[in-house]
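Engineer: For the sequence shown, position 172 (counting from the first letter as 1) is numbered 241 according to the numbering used here, and the numbering increases by one without interruption.
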Amino acid sequence: MVGETPDRQGYRCHADGFEKRTTAQHRSEFKSCRVAEMTQVEGKSVVIDRSAEDVWSFMIDIANMPKWEDSHAEWKQTSAGPIDLGTTFQSSVRFLGLEVKTDLWITEFEPNRKFAVEAMNGVGKGTKISYLLAPVKGNKTKLSRVTEVHLHGLAKLLQPIQAPLTRWTGGMEANNVKRIVESEH
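#1: Check the C-beta distance from Pro151 over to Glu143 and give it rounded, since I have them as a contact under 8 Å.
#2: So Lys113 and Ala243 are supposed to be a Cβ contact under 8 Å. How far apart are they, rounded?
#3: Measuring CB atoms only, is the region 196-211 touching the region 120-134, in the sense that at least three cross pairs come out at less than 8 Å?
#4: Residues in its own chain within less than 7 Å of Asn133 by CB, not counting five upstream and five downstream?
#5: Taking the runs of the beta strand (DSSP E) that are 3 residues or longer, which of them lie wholly in the region 117-150?
#6: Skipping 5 residues on each side, what residues in its chain have a beta carbon closer than 6 Å to that of Ala307?
#7: Apart from the five residues on each side of it in sequence, which residues of its chain come closer than 6 Å, Cβ to Cβ, to Asn255?
#8: Using a Cβ-Cβ cutoff of less than 8 Å, which residues in the same chain neighbour Val246 once the five nearest sequence positions on both sides are dropped?
#9: Would you call Thr216 buried or exposed, if buried means 16 or more other Cβ atoms sit within 10 Å of its Cβ?
#10: So Lys209 is in the beta strand (DSSP E); what residue range does that whole segment cover?
#11: Quick check: is any heavy atom of the ligand NAP less than 7 Å from the C-beta of Gly195?
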């Protein structure tokens, strides 16, 4: 089936992070997906005292990205047209005195609800960050970040600290969006 990878025990790894037994007697049996070098991290969620439309407009404006996603010194759009599914970007960050450039593309785009970006190169190739917006009573928005981290090369040495670091970064981003959107709009 599309989006599945069979393994030796008859399980198929689905994109949703679970494996399903494919034999008739075990059709409903699930277990967690064991994907090498991948860590899925639920980041901190925050409730923002603004509508999903306001939060969305702020977050997808490339000029605002360095304000809330402050680990990247510079963002530039590398594809033509408005930001949408398939749009590509390049981010540039300083790490240990070196400039590291990462090409990213938008893999999911549901206005006022969700967008996801995935790294196309570098030590984090395949890493996907999803931003989820959900309306909350009183014209507020719950913003959540979920990250699927894929590490390559020497970056695999960071695996033991990756989950706490990613959780901290996600919380920082969500709080930055909250602080800025609530103060500017």
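Every residue, glycine too, gets a C-beta built ideally from N, C-alpha and C.
Structural biologist: Quick look at the numbers:
#1: The Cβ separation is near 20 Å, so there is no contact.
#2: The pair is a contact, with the Cβ atoms about 5 Å apart (cut-off 8 Å).
#3: Yes, the region 196-211 is in contact with the region 120-134.
#4: The residues Phe127, in chain order, have a CB closer than 7 Å to that of Asn133 in the same chain once the five nearest residues on each side in sequence are set aside.
#5: Note on the region 117-150: whole beta strand (DSSP E) runs with a minimum of 3 residues are 143-146, in chain order.
#6: The question about residue 307 has no answer, for the chain in this structure spans 70 to 254.
#7: With the chain covering 70 to 254 only, the question about residue 255 has no answer from this structure.
#8: Excluding five sequence positions before and after Val246, the CB atoms of its chain that fall closer than 8 Å to its own CB belong to Val115, Ile117, Val124, Phe127, Met128, Trp137, Leu212, given in chain order.
#9: Classification of Thr216: buried, given that the 10 Å Cβ count is 16 or more.
#10: Unbroken beta strand (DSSP E) run through Lys209: 209-219.
#11: Looking for the ligand NAP in the displayed structure turns up nothing, as the structure carries no ligands at all.
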